[in-house]
Amino acid sequence: VLSSVLTISASAQTEDITKQFNDAYRTFQSLNQEGKSKESLEFAKKALDLAQSLFDENSETTAALSYNYALNLMDVGQQKESAREFSKTVKIYTQVFGRDSESLSSVYFDEGRANLPINRGKSGRAFERGIKIIGDIYGTSSLNFADVNVQAGIILSE
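Under the numbering used here, read the sequence shown as residues 2 to 159, first letter to last.
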């Protein structure tokens, strides 16, 4: 009987966390779509924190939430915090999608942008990693490779 009560209690708790997660994520999305980055930040963080109770730490959901939060931090000018979160995001994306995935290249480019005002060396290395992935996928003679090189050059020269 005690086992049944504990199972029901755990199930109710998971349902409550799921509801809180869904509410936080919907609020984040809504505010973010309205261009209210500062207001959406706390909800992005709350959704990420709650997700840790609901999803595997190396799940696609956790990867996406970490990426959203890092981008949101960058949008509100919290570069150091954004760079720290991107470092975590890179690790999750590497686990989930693999070290040669096109998805990871996007994370590297944004990690490079986040690090630009605080650590140009780390920023450059992040861009190089992203560019290498694109080169490996599409070839170094491709338009995609040329495009990311030009974009990275523009960003790094600012």
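C-beta atoms are modelled at their ideal positions from N, C-alpha and C, and glycine is treated no differently. Model, not experiment: these values are computed from the prediction.
* To do: Keeping to the same chain, check which residues put their C-beta closer than 7 angstroms to that of P118; ignore five residues upstream and five downstream.
  => Q80
* Asked: Which runs of the beta strand (DSSP E), 3 residues or longer, sit entirely within the stretch 8 to 43?
  -> The beta strand (DSSP E) runs of length 3 or more contained entirely in the stretch 8 to 43 do not exist; there are none.
* Asked: Taking the alpha-carbon positions, what's the K46 to S124 distance?
  -> 24 angstroms
* **Alpha-carbon spacing of E103 relative to Y68, whole angstroms** => 14 angstroms
* **Identity of the residue in A65, N145, F146 and S143 nearest V97 by Cα** => A65
* Asked: What is the rounded straight-line gap between the Cα of E108 and the Cα of I18?
  -> Strictly speaking, residue 108 in this sequence is Val, with Glu absent from that position. Cα atoms of V108 and I18: separation of roughly 28 angstroms, rounded to the nearest angstrom.
* What's the gap between the Cα of E16 and the Cα of L55? -> Their Cα atoms are separated by approximately 10 angstroms.
* **4 or more residues per run - each alpha helix (DSSP H) lying fully within the stretch 76 to 144** => 80 to 98, 103 to 116 and 121 to 139
* To do: Measure the beta-carbon distance from L51 to Q14 and round it to whole angstroms, keeping in mind my assumption that it falls under 8 angstroms.
  => The Cβ separation is near 12 angstroms, so there is no contact.
* With a CB to CB cut of under 8 angstroms and the five nearest residues on each side skipped, what residues in its chain are close to Y94? -> For Y94, where only same-chain residues beyond five positions count, the Cβ hits under 8 angstroms are A64, Y68, S102, S104, L105 and V108.
* Alpha carbon to alpha carbon, how far is R121 from G154? Give it in angstroms, no decimals. => 13 angstroms
* To do: Report the option in A115, N59 and N23 whose CA atom is closest to the CA atom of G99.
  => N59
* Closest Cα partner of N116 within the set S83, S158 and L49 -> S83
* To do: Find the nearest neighbour of D76 within the set A48, Q53, T62 and N33, judged by alpha-carbon distance.
  => N33
* Asked: Between F146 and the rest of its own chain, which residues show a CB-CB distance below 8 angstroms, the 5 nearest in sequence each way excluded?
  -> Exclusion of the five residues before and after F146 leaves I132, I135, G136, Y139 and G140 as the residues of its chain whose Cβ lies within less than 8 angstroms of its Cβ.
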